[in-house]
């Protein structure tokens, strides 16, 4: 099985965070590098999703698919009542 090419990255990590990484590595019986790779991969995935969702939201605004603030506020205020309003829809 061929091994993927890798690149060493260096970062200055605050000591308390580095100690947590070491503790997690020991608890999971994994290397510090494995922990760092998992954490960085999860963060990259999260940021890519955030960027995609932001782009989709801006496209909705540009297309006029928005919900009036007052409609959202009225809906939220009704949630604790005996007759909650239906979820507002884009106009």
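Numbering (our numbering), first residue to last: -14 to 76.
For each residue, glycine too, the CB sits at the ideal point set by N, CA and C.
No experiment lies behind these values; they were computed from the predicted model shown.
For the alpha helix (DSSP H) containing residue 65, list its first residue and its last residue.
-> Note, residue 65: premise wrong, no alpha helix (DSSP H); not H, not E.
Under the three-state DSSP convention, the category residue 52 falls into | coil
Rounded to whole angstroms, what's the CA-CA distance from residue -10 to residue 8? Just pull it up for me.
-> 28 Å
Write down every uninterrupted run of the alpha helix (DSSP H) in the region -5 to 45 whose length is 4 residues or greater and which is fully enclosed by it, in chain order.
-> 0 to 13
Nearest-angstrom beta carbon gap, residue 76 and residue 57 [assumed within contact, 8 Å] | Residue 57 to residue 76, Cβ: 12 Å. No contact.
Going by the beta-carbon positions, is the gap between residue 15 and residue 6 smaller than 8 Å?
-> no
Assign residue -7 to one of three DSSP states: helix, strand, or coil.
-> coil
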